[in-house]
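The first sequence lines up with residues 1205 to 1473 when you count with my numbering. Each residue gets a CB set at the ideal place from its N, CA and C atoms; glycine is no exception.
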Amino acid sequence: MEYIKNGGDILLKTPDLDLDETLDCGQAFRWERIGSGSDCTYRGFMLNTPLTVSAEKDYFRFHDTDEETFQKVWIPYFDLETDYTEIKERLSEDGTLAKACAYAGGIRLLRQDSWEALCSFIISQNNNIPRIKGIIGRLCDMYSGFPGFEQMKGIVPDDLAPLRAGFRAKYITDCIEKLNSGKIVIDEVKKLPVDEARKILMTIKGVGPKVADCALLYGMYRIDCVPMDVWMKRVMEQFYPEGFPEFVLPYAGIAQQYLFHYMRTEISK
DNA sequence: TTCCAGGCGTATC
DNA sequence: GATACGCATGGA
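1. Of all the alpha helix (DSSP H) runs that stay within the bounds of the segment 1342-1411, which reach a length of 4 or more residues?
2. Below 8 Å on the Cβ atoms is my guess for Asp1417 versus Arg1402; work out the distance and round it to an integer in Å.
3. Could you check which residue in Glu1354, Pro1361, Ala1308 and Ile1238 has the C-alpha nearest to that of Ile1153?
4. If Gly1457 sits next to Ile1408, beta carbons under 8 Å apart, how far is it from one beta carbon to the other, in whole angstroms?
5. DSSP puts Asn1210 in a beta bridge; with which residues?
6. DSSP puts Thr1245 in a beta bridge; with which residues?
7. In three-state DSSP terms, what is Glu1285?
8. Can you tell me whether Phe1325 is helix, strand or coil according to DSSP?
9. Based on the DSSP secondary-structure assignment, which residues constitute the bridge partners of Lys1253?
10. Count the other CB atoms, across all protein chains shown, that sit within 10 Å of the CB of Gly1410; report buried if there are 16 or more and exposed otherwise.
11. Who does Arg1237 pair with in a DSSP beta bridge?
12. Can you look up Phe1448 in the DSSP assignment and give me helix, strand or coil?
13. Determine the closest residue to Ser1242 out of Glu1236, Cys1229, Arg1468 and Ser1258, with distance taken between C-alpha atoms.
14. In chain order, what residues of the same chain have a beta carbon less than 7 Å from the beta carbon of Leu1453, not counting five sequence neighbours either side?
15. So, are the CB atoms of Ile1404 and Ile1388 less than 9 Å apart?
16. Keeping to the same chain, check which residues put their C-beta closer than 6 Å to that of Met1356; ignore five residues upstream and five downstream.
17. Would Thr1245 pass as a contact of Thr1253 if the rule is Cβ separation under 9 Å?
18. Given a threshold of 16 other Cβ atoms within 10 Å of its Cβ, counted over all protein chains shown, does Gln1442 qualify as buried or as exposed?
This is the structure in structure tokens:
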């Protein structure tokens, strides 16, 4: 990973990054492709830090970005200090994973804000990706950006009616209550062993094993967590009836990224 | 019209 | 602990 300043932009050279694969694979819901065809440009946010980013010939262009923001926000967000080449090499000892890594090797795990990830994946349950994006977009419209849970203190499900989140509205308000009352402190949850962290997250209404694992994987970078949604259940049933091989387990969450995308877009069609 | 979507709560056994 | 069913909403 190396970068240079170019006017107000930053140009980044890095392997193992594809913006379409990474920003539009169902791990984050606030990136919009504003370029069409070969103009691969996305507009989105890390919490409320905005970014326009383009894939150009030999580098990625981070538009209107100062070096401090790039280092503090975007390097961690895009997980640029992790060597995905090495991870993919290791995972590719397994035949199915070798195919999945080759199919979409530009997927990276985005290190998202913990609260945004938790809230987003509560909304995701029994829902499809376009509609998840719609609900989160309306939430951001309501608050002029992605609101902090402190900002939403005291709201009741009816207050969220404009989101058209359906039965999930009461889950969001329960989550907000538990965070604001201090029943759950995200920074404490982050430090716990995964099993304990999962248990605590699951005390929130509407947070079961899958949503908890998404919050852990995408919001707290617990890369051994594998959210078991309908697609991953199909993957496991078809390719890993005995579970993942031992050597995959430390990176199972990243393996899941490749396999989820592979199953959802290639095998099932 | 019916089915399904990055599931979960509840009832029942 | 396992299984069945309802749930808001909207696109296919």
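Put simply:
1. 1373-1384, 1390-1395 and 1398-1405
2. The residue given as residue 1417 occupies position 213 in the first sequence. The residue given as residue 1402 occupies position 198 in the first sequence. Indeed they touch by this definition, with Cβ atoms about 7 Å apart.
3. The shown model of the chain, from 1205 to 1473, leaves out residue 1153, and the question about it has no answer.
4. One-based indexing of the first sequence puts residue 1457 at position 253. One-based indexing of the first sequence puts residue 1408 at position 204. Their Cβ separation, rounded to whole angstroms, is 21 Å, which puts Gly1457 and Ile1408 out of contact at 8 Å.
5. Indexing the first sequence from 1 puts residue 1210 at position 6. In the DSSP output, where bridge partners are listed per residue, Asn1210 has Asp1213.
6. Numbered from its first residue, the first sequence carries residue 1245 at position 41. Beta-bridge pairing links Thr1245 to Ser1258.
7. Translated into the one-based positions of the first sequence, residue 1285 becomes position 81. Residue state, collapsed to three classes: coil.
8. If you number the first sequence from 1, residue 1325 lands on position 121. The answer is helix: DSSP assigns Phe1325 an H, G or I state.
9. Taking the first sequence and counting its residues from 1, one reaches residue 1253 at position 49. In the sequence on display, residue 1253 carries Thr and not Lys. Partner(s): Met1250.
10. As a working mapping, residue 1410 is identified with position 206 in the first sequence. When all chains shown are included, Gly1410 counts as buried.
11. As a position in the first sequence, residue 1237 is number 33, starting the count at 1. Beta-bridge pairing links Arg1237 to Tyr1246.
12. As a position in the first sequence, residue 1448 is number 244, starting the count at 1. Correct three-state label for Phe1448: coil.
13. As a first step, residue 1242 is located in the first sequence; it is residue number 38 there, counting from the start. Comparing Cα-Cα distances from Ser1242 to each of Glu1236, Cys1229, Arg1468 and Ser1258, the minimum goes to Ser1258.
14. Within the first sequence, residue 1453 is the residue found at index 249, counting from 1. Counting only Cβ-Cβ distances below 7 Å, and skipping sequence neighbours, we find Asp1428.
15. As a first step, residue 1404 is located in the first sequence; it is residue number 200 there, counting from the start. As a first step, residue 1388 is located in the first sequence; it is residue number 184 there, counting from the start. The answer is yes: Cβ separation under 9 Å.
16. Reading the first sequence from its first residue, position 152 is the one you call residue 1356. Around Met1356: Ile1380.
17. Your numbering for residue 1245 matches position 41 in the first sequence. Your numbering for residue 1253 matches position 49 in the first sequence. Not a contact, by the Cβ cut-off of 9 Å.
18. Within the first sequence, numbered from 1, the residue matching residue 1442 stands at position 238. Exposed, since its Cβ has fewer than 16 Cβ neighbours within 10 Å.
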